[in-house]
Amino acid sequence: MNLIVKSWILGIILFITSANSEAKETIIWRVLDWPPFYILHGPDKGQGIYDVILNNITAKMPHYHHKKVVMNTQRLLAEFAKKTKVCSASALANTPAILSKVNSFLLPHQLIYHKDDFPSFSLQASISLTRLLKNEKIKLGIATQRYPQIINDIIQKNQTNTNILRQNNYNSLVRMFFRRRFDALIEYPPVINYSKHQLGLSLNSQSIAIKEISSLKYLSVHFACSDSPWGKDVINAIDRLLVQEATSENYLPSRLRWYERNDKDALKTYYLDHYLNDKKTPSLVTKTTEGEFDK
């Protein structure tokens, strides 16, 4: 085969490859620097709970081009409002978007605090956020609009409270807590536990249930895409893959990997009892209005 023919064949192959690539629709996937749910840096890069869930699902969707973009919750909600072709692997139940079947469960947010500063907290089963915010001696770190709606509403009512420090970069918020820039924050305990281990800190922190959300024992997490015909098609495809995945026990270890023993045992039991519930019914790609926003 002479050089001209080889070049011609190579040109045809490159043209077909390029055409196929351009024909694929792109899904923009929201990710964020928030270990251990998303791990964007370090030795565990790509091994976060939602990194793994996202990678496993998108690997089975080769007919789309998948692009990961770092964005906080505020930007994600703005993109959903604009009907951008954007999706998230970690949306909670009232995210204003098209939601998939359940892809995982979480234990609710808790108040994380410096134990040495507030020893009396450990004597209580839960603490009222409303009451806490009336204490001028306690400074609270939060990220805007990423908690259960009850919590979001309480924070909104206290928006002029100078003891609330707002930071929408979740990893920065955790580091500020470690540096004692504030006394407590509302977060999932695995976030603090992971960061302490990775940074080699002996920080004496403790968590306590928040009274206003004490009825929320477990939170369901979903894929979410913009509320549009395109979003419905993507979610329908994801639902089929989640149903297939649920037939194997291999789906569970990565979802439990970063939890401490007691939480891991509690979540495993809940998965075994409840994860298949919505996998037995047809896909419902409609918006929901109860629960809470994306994590």
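Remember, this note's numbering sits 2 above the position in the sequence shown when you count from 1. Cβ coordinates follow ideal geometry from the N, Cα and C atoms, glycine included.
Whose C-beta lies closer than 7 Å to the C-beta of LEU278 among residues of the same chain, with five residues either side of it excluded?
In the sequence shown, the residue the question calls residue 278 occupies position 276. Closer than 7 Å at Cβ, skipping near neighbours: ALA248.
Of all the options LEU142, THR283, LEU218, which has the alpha carbon lying nearest to the alpha carbon of LEU244?
As a first step, residue 244 must be located in the sequence shown, where it is residue number 242. It is THR283.
Rounded C-alpha distance that separates ASN265 from GLY50
The sequence position of residue 265 within the sequence shown is 263, counting from 1. The sequence position of residue 50 within the sequence shown is 48, counting from 1. Note on residue identity: the sequence assigns Asp, not Asn, to residue 265. If I take the Cα positions, the gap works out to 17 Å.
Nearest-angstrom Cα separation, counted from THR60 out to PRO150:
Here residue 150 refers to the residue found at position 148 of the sequence shown. Here residue 60 refers to the residue found at position 58 of the sequence shown. Their backbone Cα atoms lie some 28 Å apart in a straight line.
Go ahead and label PRO37 buried or exposed: buried means 16 or more other beta carbons lie within 10 angstroms of its beta carbon, across all protein chains shown.
For this step, residue 37 is matched to residue 35 along the sequence shown. Burial call: buried.
In terms of DSSP beta bridges, what is PRO191 paired with?
Here residue 191 corresponds to residue number 189 of the sequence shown, with the count starting at 1. Answer is none; PRO191 lacks a bridge partner.
Consult DSSP for TYR220 and reduce its assignment to one of helix, strand or coil.
In the sequence shown, the residue the question calls residue 220 occupies position 218. DSSP places TYR220 in coil when its eight states are reduced to three.
Are the Cβ atoms of ILE140 and ASN165 separated by less than 8 Å?
Against the sequence shown, residue 140 aligns to sequence position 138. Against the sequence shown, residue 165 aligns to sequence position 163. Yes, the pair counts as a contact, with Cβ atoms nearer than the cut-off.
Three-state secondary structure (DSSP) of ARG32
The count along the sequence shown starts at 1 and reaches residue 32 at position 30. ARG32 falls in the strand class under three-state DSSP.
Run through DSSP, which three-state label would ALA268 get?
Reading the sequence shown from its first residue, position 266 is the one you call residue 268. Here ALA268 sits in helix by DSSP.
For PRO38, three-class secondary structure by DSSP
Taking the sequence shown and counting its residues from 1, the one referred to as residue 38 is at position 36. Coil at PRO38, not helix or strand.
Tell me the rounded alpha-carbon separation between ASP118 and GLU138.
The residue given as residue 118 occupies position 116 in the sequence shown. The residue given as residue 138 occupies position 136 in the sequence shown. C-alpha separation (whole angstroms): 18 Å.
With HIS68 and ASN206 assumed to form a contact (beta carbons below 8 Å), what rounded beta-carbon distance in angstroms separates them?
On the sequence shown, position 66 is the one that residue 68 refers to. On the sequence shown, position 204 is the one that residue 206 refers to. Not confirmed; about 41 Å, so no contact.
In this structure, does DSSP put TYR66 in helix, strand or coil?
For the purposes of this step, residue 66 is taken as the residue at position 64 of the sequence shown. It is a strand residue.
In the DSSP assignment, the alpha helix (DSSP H) including GLN151 goes from what residue to what residue?
As a working mapping, residue 151 is identified with position 149 in the sequence shown. First-last of the alpha helix (DSSP H) with GLN151: 151–159.
Per DSSP, the bridge partner or partners of LEU167:
One-based indexing of the sequence shown puts residue 167 at position 165. GLY143.
Got a sec? Which residues, its chain only, sit under 8 Å from LEU142 by beta carbon, not counting five neighbours each side?
Within the sequence shown, numbered from 1, the residue matching residue 142 stands at position 140. Cβ neighbours of LEU142 beyond the five flanking positions: LEU134, LEU135, ASN165, ILE166, LEU167, PHE184, ASP185, ALA186, LEU187, ILE188.
Excluding sequence positions up to five away, which residues of its chain have a Cβ less than 8 Å from the Cβ of LYS213?
Position 211 of the sequence shown, counting from 1, holds the residue named residue 213. Excluding positions up to five away in sequence, the list reads SER128, ILE129, SER130, LEU131.
For the alpha helix (DSSP H) containing LEU113, name the first residue and the last one.
On the sequence shown, residue 113 is found 111 positions in, with the first residue counted as 1. No alpha helix (DSSP H) contains LEU113, which is instead part of the beta strand (DSSP E) from 112–116.
Do LEU218 and PRO45 count as a contact pair if the criterion is CB distance below 8 Å?
In the sequence shown, counting from the first residue as 1, residue 45 sits at position 43. In the sequence shown, counting from the first residue as 1, residue 218 sits at position 216. No.
In its own chain, which residues sit with a C-beta less than 6 Å from the C-beta of ASP81, not counting the 5 before and 5 after it?
Along the sequence shown, one-based indexing puts residue 81 at 79. Per the sequence shown, residue 81 should be read as Glu rather than Asp. Excluding sequence neighbours, GLU81 sits near VAL88.
Checking 8 Å against the spacing of the C-beta atoms, do PHE107 and TYR253 come in under that value?
In the sequence shown, the residue the question calls residue 107 occupies position 105. In the sequence shown, the residue the question calls residue 253 occupies position 251. Not a contact, by the Cβ cut-off of 8 Å.
Close beta carbons around PRO192, own chain, < 7 Å, minus the five adjacent residues each side:
As a position in the sequence shown, residue 192 is number 190, starting the count at 1. So the qualifying residues of the chain are PRO38, TRP260, TYR261.
For SER122, the nearest candidate out of ILE210, LEU78, SER228 (CA to CA):
For the purposes of this step, residue 122 is identified with residue 120 of the sequence shown, where counting begins at 1. Per the Cα distances, ILE210.
Leaving out five residues before and five after PRO64 in sequence, what residues of the same chain have Cβ atoms less than 6 Å from its Cβ?
On the sequence shown, position 62 is the one that residue 64 refers to. The answer is none, since no qualifying residue turns up.
CB ALA91 to CB TYR52, shorter than 8 Å?
Position 89 of the sequence shown, counted from the first residue, corresponds to residue 91. Position 50 of the sequence shown, counted from the first residue, corresponds to residue 52. Result yes, Cβ atoms of ALA91 and TYR52 sit closer than 8 Å.
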